[in-house]
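> In the working numbering, the protein residues as written are 4 to 356.
Think of the CB as a built atom: it goes at the ideal place given N, C-alpha and C, for glycine as much as any other residue.
Laid out in structure tokens, this is it:
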């Protein structure tokens with residue numbers, strides 16, 4: 004991947020006319036002053052002309068410094084008073100800012116559309132390859148997709164994170180944009196510590212909570228991008244169902260869950276066979292399922308489980324014995340622990356009971 008961040012943004016408006024009045028006559032740089040009469044001060048409406056001139060300067064890539072110097076020289080030639088100069092300067096800078104904001108919005112829209120076409124694979128491959136060159140993406144290379152979800156993700160945040168990752172890993176090695184409310188980062192495969200760096204910037208922007216990152220595995224080619232995206236989103240889906248709170252989830256660490264769901268009939272049968280009898284317990288199956296979930300999360304430690312559930316160790320022991328009485332399975336039995344743990348994970352994935 005190679006860079007797509009030009010040092011100056013060029014717009015679609017043609018140069019010339021009032022828009023270009025402040026862009027041609029600076030003796031230091033060749034840009035900045037009007038080439039016609041007194042610049043905007045010679046127009047029928049100097050303030051309106053200044054706004055157009057500021058927008059034209061932004062489109063032509065004229066630095067703000069050159070624009071301001073050009074206006075000051077034009078004001079001196081036209082003997083403009085301080086009040087008029089202030090209004091003209093404000094209008095020119097407003098026009099400059101509006102043009103830059105419009106160009107940035109167009110750039111972000113184009114970027115988001117490209118990422119959508121890239122990850123869905125619906126666009127013409129030839130045209131997609133040409134567009135990919137602008138962003139330095141080689142469609143045949145290996146890439147990794149990361150997805151962040153959170154309640155306060157915005158286009159402005161996406162732009163800042165994109166710039167920060169580019170500064171860290173170099174232009175063209177990452178491409179980050181907001182897509183369907185998710186922050187999506189496409190990266191060249193093999194970037195060391197990218198997920199941690201991504202998380203670091205989200206902590207800086209949003210604080211330590213309220214967001215989560217899923218990282219797909221590296222895959223080659225255009226289909227590989229879609230697959231890595233699906234894996235990254237799958238991480239976040241599994242986290243929501245299973246209650247995982249880790250800030251970064253890697254698809255490579257969660258491969259067991261797609262395996263469990265691949266044969267839904269089989270996992271459903273396992274859950275209902277092993278855990279079904281818990282429905283007959285007083286209070287239903289949920290308290291016992293919660294106890295097993297926390298127990299497995301704490302590697303079978305009764306004390307930690309009791310502390311997490313705000314119960315006594317005796318109460319935890321009673322629940323586990325009750326599970327054995329109803330189901331015939333006990334997590335303390337090595338030969339039964341795996342079956343019971345798998346059934347608990349399956350239940351959480353299925354939303355059972």
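If you measure between the beta carbons of residue 298 and residue 334, is that distance less than 8 Å?
The residue given as residue 298 occupies position 295 in the chain shown. The residue given as residue 334 occupies position 331 in the chain shown. Yes, the Cβ-Cβ distance between residue 298 and residue 334 is below 8 Å.
> Counting Cβ pairs, one atom from each stretch, are 3 or more of them under 8 Å apart for the region 323-337 and the region 281-299?
Judged by Cβ distances under 8 Å, the region 323-337 makes contact with the region 281-299, as three or more pairs qualify.
> Measuring CA to CA, which of 159, 196 and 156 is closest to residue 172?
On the chain shown, residue 172 is found 169 positions in, with the first residue counted as 1. Taking only the C-alpha atoms, the option nearest residue 172 is 196.
> Return helix, strand or coil for residue 340, following the three-state DSSP convention.
Working through the chain shown from its first residue, we reach residue 340 at position 337. In the three-state reduction of the DSSP assignment, residue 340 falls in the helix class, which pools H, G and I.
> By a C-beta neighbour count over all protein chains shown, 10 Å radius and 16 as the cutoff for buried, is residue 84 buried or exposed?
Numbered from 1 along the chain shown, position 81 holds the residue referred to as residue 84. Classification of residue 84: exposed, given that the 10 Å Cβ count is below 16.
> Report yes if the C-beta distance between residue 94 and residue 57 is below 8 Å; otherwise report no.
Position 91 of the chain shown holds residue 94. Position 54 of the chain shown holds residue 57. Yes, these two residues count as a Cβ contact at 8 Å.
> How many Å lie between residue 89 and residue 241 at the Cα?
Here residue 89 refers to the residue found at position 86 of the chain shown. Here residue 241 refers to the residue found at position 238 of the chain shown. Approximately 58 Å, taken between the alpha carbons.
> Just checking my contact of residue 346 with residue 277 at CB under 8 Å: how many whole Å lie between their CB atoms?
Along the chain shown, one-based indexing puts residue 346 at 343. Along the chain shown, one-based indexing puts residue 277 at 274. Indeed, because the Cβ distance is near 4 Å, the residues count as touching under 8 Å.
> Determine contact between the region 253-269 and the region 228-245, defined as no fewer than three beta-carbon pairs at a distance below 8 Å.
Yes, the region 253-269 touches the region 228-245.
> Would you grab the beta carbon distance between residue 209 and residue 157 for me? Rounded to a whole angstrom, and I think it's under 8 Å.
Residue mapping note: residue 209 aligns to position 206 of the chain shown, counting from 1. Residue mapping note: residue 157 aligns to position 154 of the chain shown, counting from 1. The Cβ separation is near 10 Å, so there is no contact.
> Excluding sequence positions up to five away, which residues of its chain have a Cβ less than 6 Å from the Cβ of residue 150?
One-based indexing of the chain shown puts residue 150 at position 147. Hits under 6 Å: 185, 187, 217, 235 and 236.
> Which same chain residues end up closer than 7 Å to residue 32 when comparing Cβ atoms and leaving out the 5 residues on each side of it in sequence?
The residue you call residue 32 lines up with position 29 of the chain shown. Only weak support exists for where residue 32 lies, its pLDDT of 42 falling under 50; the coordinates are left without a value.
> Using the C-alpha atoms, what's the distance from residue 131 back to residue 137?
Within the chain shown, residue 137 is the residue found at index 134, counting from 1. Within the chain shown, residue 131 is the residue found at index 128, counting from 1. Roughly 10 Å separates the two Cα atoms.
> Report buried or exposed for residue 133, applying the criterion of at least 16 other Cβ atoms within 10 angstroms of its Cβ.
The residue labelled residue 133 in the question sits at position 130 within the chain shown. Around the beta carbon of residue 133, fewer than 16 other beta carbons sit within 10 angstroms, so the residue counts as exposed.
> Apart from the five residues just before and just after residue 306, which ones in its own chain have a Cβ nearer than 8 Å to its Cβ?
Counting from one through the chain shown, the residue named residue 306 turns up at place 303. Once the five neighbours on either side are set aside, the close Cβ partners of residue 306 are 316.
> Sorted by chain position, which residues of the same chain lie with C-beta nearer than 8 Å to residue 118's C-beta, five sequence neighbours on each side aside?
Taking the chain shown and counting its residues from 1, one reaches residue 118 at position 115. Answer for residue 118: 178, 180, 182, 187 and 189, listed in chain order.
> If residue 223 and residue 159 are in contact, beta carbons under 8 Å, what's the gap, nearest whole angstrom?
The sequence position of residue 223 within the chain shown is 220, counting from 1. The sequence position of residue 159 within the chain shown is 156, counting from 1. In fact, because the Cβ distance is near 33 Å, the residues do not count as touching under 8 Å.
> From the DSSP output, read off the bridge partner residues of residue 253.
Walking along the chain shown from the start, residue 253 turns up at place 250. Note: residue 253 sits in a beta bridge opposite 218.
> For residue 86 versus residue 44, is the C-beta spacing smaller than 8 Å?
Taking the chain shown and counting its residues from 1, one reaches residue 86 at position 83. Taking the chain shown and counting its residues from 1, one reaches residue 44 at position 41. Going by C-beta atoms, residue 86 is not nearer than 8 Å to residue 44.
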